[in-house]
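Participant: A single structure is presented below for examination.
Here's what the structure looks like:
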């Protein structure tokens, strides 16, 4: 089944993966600004584009930050990134639209845990570090070539350092605190962020993953080919079977609570997870934390990071017929019982979009924002 895609919920694209930045990539984030006197909750701010400028609306569809930015991104922890095309540099605004930093960052990541990962140019060298909410560079990093940098989570950030000498020098990962102190020794071939007190790490480049606590102690032994974040006390893990990854779930004691048998699987959210036995992710099922199937469907999600939000999940589905119209394409939202609550149907994919997660009662659906009754709130893009 074809995956139906649409415009991203941003006005430009950044190379970022779950708060991880590849240190030698030149991509980053966004553009120019002004201010608005109204005080807004970030959960009620939604990105829009009017002609060639980006701004933000509230959950009533009212413009609260006027379209003035050439490129802009979603808010995170009360700040959003903007980009100046002339200087090719990034800056941050607050949730009133006021610029809180100068355009000086070659790369910029969302604020996470009160800190944002950024880079600045010193001559022809890119220097990485973390800024606080005032835009001050409070931690400077000395990173090795090719390492991955992570955003802060639960007070710690995984960072790469060079260890050894000469031809024996290699990159290892450790964890720093918000003062820049290395609090967990840099000895891992790879490390990801902490969630619910645990982080997946790998001792060897081609080894299996284990989980450690914030003291650096191994809590769950090496046994997973891939290990993911914990969510609601459960983590998705993968093991290799006959050359293919199979996904299952463990608890925080490392006990398998749902056997690795799925070809596709999502993180738990709101007590349920989305899984599929199909390698392409078709015919998804909804399971609870015991592995019990709540609903089997013929639908497909838009990307592997999707999950239920505010009781609804964005899905797509297509039907084939032997007579005209031959195909029908459906996109919309289902509840936890697998029943459509909001649905859009067409015989063509032209102008056909996807259904993104709800946030504070509003979601991007096709090319406009809707409420949970399916009513249109505002256009995402209008020329």
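Numbering (mature numbering (1 follows the signal peptide of the UniProt record, and there is no 0)), first residue to last: -23 to -1, 1 to 360.
Note that CB positions come from ideal geometry on N, CA and C, so glycine has one too.
Below 8 Å CB to CB, which residues in the same chain sit around residue 275 once its five sequence neighbours on both sides are set aside?
Facilitator: 259, 260 and 294
Participant: Evaluate residue 159 with the Cβ neighbour count: other Cβ atoms within 10 Å of its Cβ, from every protein chain shown; 16 or more gives buried, anything less gives exposed.
Facilitator: exposed
Participant: Within the chosen definition, does the segment 137 to 147 reach the segment 95 to 106 through at least 3 CB pairs nearer than 8 Å?
Facilitator: no
Participant: Residue 165 to residue 45, Cα distance in whole Å?
Facilitator: Between the alpha carbons of residue 165 and residue 45 lies a distance of about 44 Å.
Participant: Reducing DSSP to helix, strand and coil, say where residue 225 ends up.
Facilitator: Residue state, collapsed to three classes: strand.
Participant: Let me know if residue 332 comes out buried or exposed under the rule of 16 or more other beta-carbons within 10 Å of its beta-carbon.
Facilitator: buried
Participant: Among 242, 66 and 80, which residue has its Cα nearest to the Cα of residue 256?
Facilitator: 242
Participant: Could you name the residues of the same chain whose beta carbon sits closer than 8 Å to that of residue 52, not counting the 5 residues immediately before and after it, in chain order?
Facilitator: 19, 22, 33 and 72
Participant: Going by other Cβ atoms of all chains shown within 10 Å of its Cβ, with 16 needed for buried, is residue 186 buried or exposed?
Facilitator: buried
Participant: So, with DSSP's three-state summary, where would you put residue 96?
Facilitator: Three-state DSSP puts residue 96 in a strand.
Participant: Classify residue 318 as helix, strand or coil using the three-state DSSP reduction.
Facilitator: strand
Participant: How far does the beta strand (DSSP E) with residue 179 in it reach, from first residue to last?
Facilitator: 176 to 179
Participant: Would you list the one or two residues that DSSP bridges to residue 33?
Facilitator: 24 and 42
Participant: Leaving aside the five residues before and after residue 345 along the sequence, list all residues of the same chain whose C-beta is less than 8 Å from its C-beta, in chain order.
Facilitator: Contacts found: 353, 354, 355, 356 and 357.
Participant: To the nearest angstrom, how far is the alpha carbon of residue 56 from that of residue 24?
Facilitator: 13 Å
Participant: Grab me the residues of residue 342's own chain with a C-beta within less than 6 Å of its C-beta, minus the 5 sequence neighbours each way, in chain order.
Facilitator: 332
Participant: For the candidate residues 170, 50 and 163, whose alpha-carbon lies nearest to that of residue 132?
Facilitator: 170
Participant: Please determine whether the Cβ atom of residue 143 lies at a distance below 7 Å from any heavy atom of the ligand NAD.
Facilitator: Because no ligand of any kind appears in the structure shown, any question about the ligand NAD cannot be addressed here.
Participant: Measure the C-alpha to C-alpha separation of residue 29 and residue 315 and round it to an integer number of angstroms.
Facilitator: 39 Å
Participant: Residue 187 lies in the beta strand (DSSP E); which residues open and close that run?
Facilitator: From DSSP, the beta strand (DSSP E) with residue 187 extends over 186 to 189.
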